[in-house]
Each structure stands twice: as structure tokens, then as C-alpha cells.
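Student:
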Amino acid sequence: MPRSPRDYDATTPPPLAGGEDARSLVQLLRELPSIVMELLRAEFEQFKRELARKSKNFGFGTLLFAIAGGIAFFMLGTLTTAGILALANVMPAWAAALVVSGVLLVLVIILVAVGIALFKKSTGLVPTETIDSIVQDAHALKGEGRFDS
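Numbering-wise (our numbering), the sequence shown opens with residue 138 and increments by one.
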């Protein structure tokens, strides 16, 4: 039964050639397509996970901008009129209009600021981690740089 590399300790290196664990070049070449396909599948799965994570912040930021836009739209309508009419009983109508508009404007500014913060946090939709991983895989196939054996 072939032994895995984990079966060897630091003082006993695995056999390099001719032992029970040695595989021929033909066997290694037969395994190469499946190894490459497994690598491509793993890279694609990483790409999907990274894109989902990054698009989540982008989606929430977009949602907050839409909500802020809806509030700004209604600010021009019914809520503004109702607030002005309510405050017009205790102060001049023009002052009531300024107070209601100011409160709604502050709410819109807060939502836009939170939306901008989420957009900045998303760092774009470019899958940088996947790109870095693919570059490392290419270097490993060429035998350059650090890579796991």
C-alpha cells in the first residue's frame, strides 16, 4: 500500500525514485489534466465567493441610495405639507416650512453618507484575490516563486 508524505518524519525523507511510492512520468502525465481541472474548479469557486462578498456591500449601498432618493421625493410632497401645516399653528408658515425641510434634509444627508461609506468599503467588484491566486498558480506551474508542494 503506498504511503502518503504525511507518513514520513523529518529524519526519514520519502523515496525520490524507484521506491513503492514512485510514480512514472506516464502516470504523472495522465493525472495532469485532472489536477488542472481541479485547480480551475477551485479558482472558479473562489471567484464566485469573492464576487458575492464584494457585491453584497455594493448592493446595500445601492439600496440606501434608493431609499434616500425615495425619501427626498416624498420630502417635496405630503410629508412636507403636513409638517408645515402642523407647525404653522405655533409659528409663521414660512418658518414652519424651513423647519420641516431642514429635518428631512438631515435625514437624506445621513442616508447618503452611510451609502457612500458602504460603496467605499466594497473596493469595487474586481476579484483581486482570485486574480492573485491565478497568478501564483501560473508561477507554480512554471516552477517560479513560492508554492506548496
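For each residue, glycine too, the CB sits at the ideal point set by N, CA and C.
The model shown is predicted, which means the values in this text are computed figures rather than measured ones.
When you compare the CB of I221 with every CB in chain C, is at least one pair closer than 7 Å?
Tutor: In the structure shown, chain C does not exist; there is a single protein chain.
Student: With a threshold of 6 Å on Cβ separation, who are the neighbours of G233 within its own chain once the five nearest residues in sequence on each side are excluded?
Tutor: Looking at the sequence shown, residue 233 is not Gly but Ala. Excluding sequence neighbours, A233 sits near I221, L224 and A225.
Student: Give the DSSP-derived three-state secondary structure of S192 in the structure shown.
Tutor: DSSP places S192 in helix when its eight states are reduced to three.
Student: For T265 and V272, I'd like the C-alpha separation in whole angstroms.
Tutor: In a straight line, the C-alpha of T265 is about 11 Å away from that of V272.
Student: To the nearest whole angstrom, what separates the beta carbons of K191 and L262, a pair I think is in contact under 8 Å?
Tutor: Confirmed, about 5 Å.
Student: Could you check if V163 is buried or exposed, using at least 16 other CB atoms within 10 Å of its CB as the buried criterion?
Tutor: Burial call: exposed.
Student: Which runs of the alpha helix (DSSP H) at least 4 residues long sit entirely within the stretch 175-240? Give them in chain order.
Tutor: Listed in chain order, they are 215-224.
Student: Can you tell me whether DSSP reads E281 as helix, strand or coil?
Tutor: Coil.
Student: Counting Cβ pairs closer than 8 Å, one from the stretch 250-257 and one from the stretch 199-206, do we hit at least three?
Tutor: Taking 8 Å as the limit for Cβ pairs, the verdict is that the stretch 199-206 does touch the stretch 250-257.
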